[in-house]
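Colleague: To start, I am sharing the structure in question, which I have written as structure tokens.
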Amino acid sequence: ETGVTQSPTHLIKTRGQQVTLRCSSQSGHNTVSWYQQALGQGPQFIFQYYREEENGRGNFPPRFSGLQFPNYSSELNVNALELDDSALYLCASSLAGSSLYEQYFGPGTRLTVT
Amino acid sequence: AQSVSQHNHHVILSEAASLELGCNYSYGGTVNLFWYVQYPGQHLQLLLKYFSGDPLVKGIKGFEAEFIKSKFSFNLRKPSVQWSDTAEYFCAVSTLNNAGNMLTFGGGTRLMVKP
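These protein sequence lines are chains Y and L, in that order. The numbering of the first sequence is the working numbering, which starts it at 1 and goes up by one. The numbering of the second sequence is the working numbering, which starts it at 1001 and goes up by one.
What follows is the structure in structure tokens.
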């Protein structure tokens, strides 16, 4: 069973640029959620994708957007990067319809905005 | 909106000491509750979860948590910690939709266990 994978591991971008982060869900999972974890804080929910559509969103501006592909992998796109976007971005996958609804997390992508 | 508070940001214990980490949440509806652990250099992992039924939940590695609805609490306990329990612990509550849980996390508690 393949776990959740994320790429890249680390990324450095300049303020104003755009970034795309990628996530491959665990085998058999069809739902992907994205979280932002700033240094010293708990993860904050960004949004969730199910059946290739956004299925819920946290308190993040529209410049945070995403995609889910037919193979259930997902991308997180952030436009017009700001210094406060520096964080660890976590992807979690789960199986919709499972009574457990347990989310499995990937290792994260650490984004630094300078 | 739901929120989660973890009262202790840093905890230092000696091996064999007992552990209790506090977690309080605010949400008016039915809650699902979780404790996650992040060992140094590793992914977030699920320690235990509460959906319904017995409010005393047992998880992996000897951890347990008790859901007290009247106190909006879900405290994590372990009778005797080990050096390998050094990690950051996160309490989370969820809103359940048709696809799955959307988690709201607390700020985390960093536990250091001295050998």
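From the three backbone atoms N, C-alpha and C, an ideal C-beta is built for every residue, glycine too. As the structure is a computational prediction, the values presented were derived from the model and not from experiment.
Could you tell me if W1083 of chain L is buried or exposed, where buried requires 16 or more neighbouring beta carbons within 10 angstroms of its beta carbon?
Modeller: The residue in question, W1083 of chain L, is exposed, as its Cβ has fewer than 16 Cβ neighbours within 10 Å.
Colleague: What do you get for H10 of chain Y, buried or exposed, if any count of 16 or more other CB atoms within 10 angstroms of its CB means buried?
Modeller: H10 of chain Y should be labelled exposed.
Colleague: Anything in chain L within Cβ reach of P107 of chain Y, meaning under 7 Å, just list it in chain order.
Modeller: Within chain L, the residues near P107 of chain Y are H1043.
Colleague: Take Q1006 of chain L and list the residues in its own chain whose beta-carbon comes closer than 6 Å to its own, dropping the five residues that flank it on each side.
Modeller: Excluding positions up to five away in sequence, the list reads C1023, C1091, G1106, G1107 and T1109.
Colleague: For T112 of chain Y, is the classification buried or exposed, using 16 other Cβ atoms within 10 angstroms of its Cβ as the cut-off for buried?
Modeller: By the neighbour-count rule (16 or more Cβ atoms within 10 Å), T112 of chain Y is not buried but exposed.
Colleague: Entirely within the segment 1043–1086 of chain L and at least 3 residues each: give me those beta strand (DSSP E) ranges in chain order.
Modeller: The segment 1043–1086 of chain L contains these whole beta strand (DSSP E) runs: 1044–1050, 1056–1058, 1064–1068 and 1073–1078.
Colleague: May I have the straight-line CA-CA distance separating G1029 of chain L from S1052 of chain L, to the nearest angstrom?
Modeller: Near 13 Å, if we compare the C-alpha coordinates of S1052 of chain L and G1029 of chain L.
Colleague: Report the rounded CA-to-CA distance for Q68 of chain Y versus R51 of chain Y, giving the unit in angstroms.
Modeller: For Q68 of chain Y and R51 of chain Y, the distance between alpha carbons rounds to 8 Å.
Colleague: Suppose the cutoff is 6 Å on Cβ atoms and the five residues either side in sequence are ignored; what does the same chain contact list for G1059 of chain L look like?
Modeller: Excluding residues within five positions, the ones whose Cβ falls inside 6 Å are L1047 and L1048.
Colleague: Given that a residue counts as buried once 16 or more other Cβ atoms are within 10 Å of its Cβ, and exposed if not, what is I46 of chain Y?
Modeller: It is buried - the Cβ of I46 of chain Y has at least 16 other Cβ atoms within 10 Å.
Colleague: Name the residue from L:D1054, L:K1069, L:P1040 and L:V1031 whose alpha carbon lies nearest to the alpha carbon of C1103 of chain L.
Modeller: Just to set this straight, residue 1103 of chain L is Leu in the shown sequence, not Cys. It is L:V1031.
Colleague: Can you find the residues in the same chain that come closer than 8 Å, C-beta to C-beta, to V1011 of chain L, ignoring five residues on each side of it along the sequence?
Modeller: Once the five neighbours on either side are set aside, the close Cβ partners of V1011 of chain L are L1019, L1021, T1109, R1110, L1111 and M1112.
Colleague: Is DSSP giving L21 of chain Y helix, strand or coil here?
Modeller: It is a strand residue.
Colleague: Measuring alpha carbon to alpha carbon, tell me which residue in Y:Q17, Y:T14 and Y:G28 is nearest Y104 of chain Y.
Modeller: It is Y:G28.
Colleague: Check the Cβ of L90 of chain Y against every Cβ in chain L and list those closer than 9 Å, keeping chain order.
Modeller: What L90 of chain Y touches in chain L: H1043 and L1044.
Colleague: Rounded to the nearest angstrom, what separates Q18 of chain Y and L81 of chain Y at their Cα positions?
Modeller: Rounded to whole angstroms, Q18 of chain Y to L81 of chain Y spans 6 Å at the Cα level.
Colleague: Counting only beta-carbon atoms, is Q48 of chain Y nearer than 8 Å to chain L?
Modeller: So yes, Q48 of chain Y belongs to the interface.
Colleague: Does the Cβ-Cβ distance between Y1050 of chain L and F1072 of chain L come in under 8 Å?
Modeller: Contact: no.
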